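Report on the following structure.
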Amino acid sequence: MIVLRRDLLLAFRRRSDVATTLFFFLIVSSLFPLGIGPEAAVLSSIAPGVLWVAALLAGMISLSRIFAADFADGSLEQMLIAPQPLALLVLAKISAHWIVCGLPVVLLAPLIGLQYALPNDALVVLVLSLLLGTPALSLIGAIGAALTLGVRGSGLLVALLVLPLYIPVLIFGAGAVAASQHGMSAQAHLSLLAACSLLSLVLAPLATAAALRISVE
Amino acid sequence: MLIAQNLTCLRGDRLLFRKVGFELGAGGLMYVLGENGSGKSSLLRLLCGLLTPEDGQVFWKGKSIKHDAENYQTDLTYIGHLNGLKDDLTSLENLQFSARLAANVVDNATALNALTAIGVARCANLPVGVLSQGQKRRVALARLWLSTSQLWILDEPFAALDTASVVVLTTQLNQHMAKGGMTIITTHQDVDIQAESTQTLRLSA
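Going down the list, the sequences are from chains G and U.
Counting in this note's numbering, the first sequence runs from 1 upward without gaps.
Counting in this note's numbering, the second sequence runs from 1001 upward without gaps.
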């Protein structure tokens, strides 16, 4: 808890960092309507994929921030030797990352969805799918961030490591929105998304903790 | 009691030291000396459990620190050459966070006392980012006034400190030793810390 509070406080003091992620999402997802043209049919058919990819990239550019600053100033060392389970501290840091970088994207998504002429029920599914799926992005991404800690060019490396692992989340997330656009139930997709998040909730903190121990050596 | 046996440390291809061993009892003080790059910091990190030795083991109260990490970490305070402070938090917030991380909840007044003791009370509500190197170091060292752990491992605690602070810190170390604490310290300065038993470990490059 204390780590979560500290990370949120730090994010609040460095609001510009948070804004970067959000504006990235905003701009990337606004480029497509500008480039493709205002045809509602085309836009709404590409919307699920485009919005999910934008959310995924926005989450990814902020990944290296989870641990890099703490690594550089030595506070990560102190966490590694704290008498609390490292996986829990890591989970707190990941939660902070999600609240700061994931949640705003979820909240902003319906507004962007309007640009793509998404019908109302598809907008609801879009928000739901992002709500269920983005935690998995933060959790899986943290493993990559921990593995590439202190490595030169880690930003690009983290993308190469993590993006392939994001594929299932992307498929189910975009699939959910597309299903509801075609009048089908999105429930199967949403359940699978929730399963991805739960599975990574259990495994990712442990894997990240192990990766951090290796990276700090 | 802290016992190190046959510690060997490799960094990359380079052998830093091999077969280093010592025993440190209650009230014991150990200086780790050596040239730059001789592996002093690596030895300290190894003793904290941050590095895994190539060979050898460290025991705390009879148990290997690998297997009984949580108990060991409760008894340990480590201040490395990085201060572990966040530039965007105030000195007080930083200090309280590190105390809480060590499972030691302290209120504002106690934390402020610690900062006063080492002479940075004026900076309590300033973000650490605006402080000088020596002031940052002192904020990091203020943890020692809140620490309840028995073993202190300090990497160059006197670096960047002014003469007055060196005296204050030495007094605090004396008190810790008098209470039966243990300290492992690297330093390039001549300091006179009173301890029941003092030993010196010299690492050669």
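We treat Cβ as the ideally placed atom computed from N, Cα and C, and that holds for glycine.
Note that the coordinates shown come from a computational prediction; the quantities given were computed from them, not determined experimentally.
Strand pairing of residue i, partner residues [DSSP]
i                         : result
leucine 1002 of chain U   : U:Leu1024 and U:Trp1060
valine 1032 of chain U    : U:Thr1186 and U:Leu1201
threonine 1090 of chain U : U:Pro1127
threonine 1077 of chain U : U:Trp1152
arginine 1100 of chain U  : Note: arginine 1100 of chain U sits in no beta bridge, so no partner.
threonine 1008 of chain U : U:Asp1055
Simplified DSSP state of residue i, which is helix, strand or coil
i                             : result
methionine 1177 of chain U    : helix
glutamine 187 of chain G      : helix
arginine 1143 of chain U      : helix
aspartate 1055 of chain U     : strand
arginine 152 of chain G       : coil
leucine 262 of chain G        : Outside the displayed span of chain G (1 to 217) sits residue 262 of chain G, for which this structure offers no information.
lysine 1066 of chain U        : coil
arginine 14 of chain G        : coil
phenylalanine 25 of chain G   : helix
phenylalanine 1017 of chain U : strand
aspartate 121 of chain G      : helix
isoleucine 1193 of chain U    : coil
serine 44 of chain G          : helix
glutamate 217 of chain G      : coil
aspartate 1162 of chain U     : coil
leucine 107 of chain G        : helix
histidine 97 of chain G       : helix
glutamate 39 of chain G       : coil
serine 75 of chain G          : helix
glycine 113 of chain G        : helix
alanine 82 of chain G         : coil
glycine 1039 of chain U       : coil
glycine 175 of chain G        : helix
glycine 1084 of chain U       : coil
glycine 133 of chain G        : helix
Cut-off 6 angstroms between Cβ atoms - residues of its own chain near residue i, not counting five sequence neighbours on either side
i                          : result
leucine 1131 of chain U    : Cys1123
histidine 97 of chain G    : Ile66 and Ser138
tryptophan 1060 of chain U : Leu1002 and Tyr1072
leucine 203 of chain G     : none
isoleucine 112 of chain G  : Ser29
alanine 117 of chain G     : Ala40, Leu43 and Ser44
valine 100 of chain G      : Ala11 and Val18
alanine 92 of chain G      : Val3 and Leu4
leucine 1076 of chain U    : Ser1149 and Leu1151
serine 1147 of chain U     : Thr1077
leucine 1024 of chain U    : Leu1002, Met1030 and Met1182
leucine 1044 of chain U    : Ile1153 and Asp1155
threonine 1186 of chain U  : Val1032, Lys1040, Asp1155 and Glu1156
Proximity winner among the options, relative to residue i (alpha-carbon distances)
i                          : options                                  : result
threonine 1200 of chain U  : U:Lys1040, U:Asp1013 and U:Arg1011       : U:Lys1040
leucine 128 of chain G     : G:Leu89, G:Val100 and G:Ser197           : G:Ser197
alanine 1178 of chain U    : U:Glu1196, U:Leu1151 and U:Ile1184       : U:Glu1196
isoleucine 143 of chain G  : G:Ala11, G:Ser191 and G:Leu201           : G:Leu201
leucine 130 of chain G     : G:Phe71, G:Gly141, G:Gly173 and G:Leu118 : G:Gly173
tryptophan 1145 of chain U : U:Gly1012, U:Asn1125 and U:Asn1174       : U:Asn1174
leucine 56 of chain G      : G:Ala195, G:Phe25, G:Ala47 and G:Pro83   : G:Phe25
asparagine 1109 of chain U : U:Leu1092, U:Ile1184 and U:Arg1100       : Strictly speaking, residue 1109 of chain U in this sequence is alanine, with asparagine absent from that position. The residue with the shortest Cα to Cα distance from alanine 1109 of chain U is U:Leu1092.
aspartate 1192 of chain U  : U:Glu1023, U:Met1030 and U:Ala1026       : U:Met1030
arginine 1014 of chain U   : U:Ile1118, U:His1081 and U:Ser1042       : U:Ser1042
leucine 190 of chain G     : G:Val124, G:Pro83 and G:Ala72            : G:Val124
aspartate 70 of chain G    : G:Trp52, G:Leu160, G:Val53 and G:Leu89   : G:Leu89
Nonlocal neighbours in the same chain, by C-beta distance under 7 angstroms from residue i, ignoring five residues either side
i                         : result
alanine 146 of chain G    : Phe67, Thr208, Ala211, Leu212 and Ser215
glycine 155 of chain G    : Ser64
glycine 141 of chain G    : Gly59, Met60, Leu63 and Val162
aspartate 1055 of chain U : Asn1006 and Thr1008
leucine 157 of chain G    : Thr148 and Val151
proline 1053 of chain U   : Leu1007, Thr1008, Cys1009 and Leu1046
arginine 1202 of chain U  : Leu1033 and Gly1034
Close-in-space but distant-in-sequence residues of the same chain around residue i (CB under 8 angstroms, 5 per side omitted)
i                       : result
leucine 193 of chain G  : Ser129, Leu132, Gly133, Ala136, Val169, Phe172, Gly173 and Ala176
proline 33 of chain G   : Leu43, Gln115 and Tyr116
leucine 1089 of chain U : Phe1097, Pro1127 and Val1128
leucine 86 of chain G   : Met79, Leu80, Ala209, Leu212 and Arg213
valine 1166 of chain U  : Phe1158, Gln1189 and Val1191
At least three beta-carbon pairs within less than 8 angstroms, the stretch 91–106 of chain G to the stretch 152–167 of chain G = no
Would the stretch 1148–1166 of chain U and the stretch 1006–1016 of chain U be scored as touching if the rule is three or more Cβ pairs under 8 angstroms?
-> no
Could you tell me whether the stretch 14–31 of chain G touches the stretch 1109–1116 of chain U, using the rule of 3 or more Cβ pairs below 8 angstroms?
-> no
Pairing CB atoms from the stretch 202–209 of chain G with CB atoms from the stretch 1018–1027 of chain U, are three or more of them under 8 angstroms?
-> no
How about the stretch 1081–1095 of chain U and the stretch 1131–1140 of chain U: do they share at least three Cβ pairs that are nearer than 8 angstroms?
-> yes
Would the stretch 1024–1044 of chain U and the stretch 1095–1111 of chain U be scored as touching if the rule is three or more Cβ pairs under 8 angstroms?
-> no
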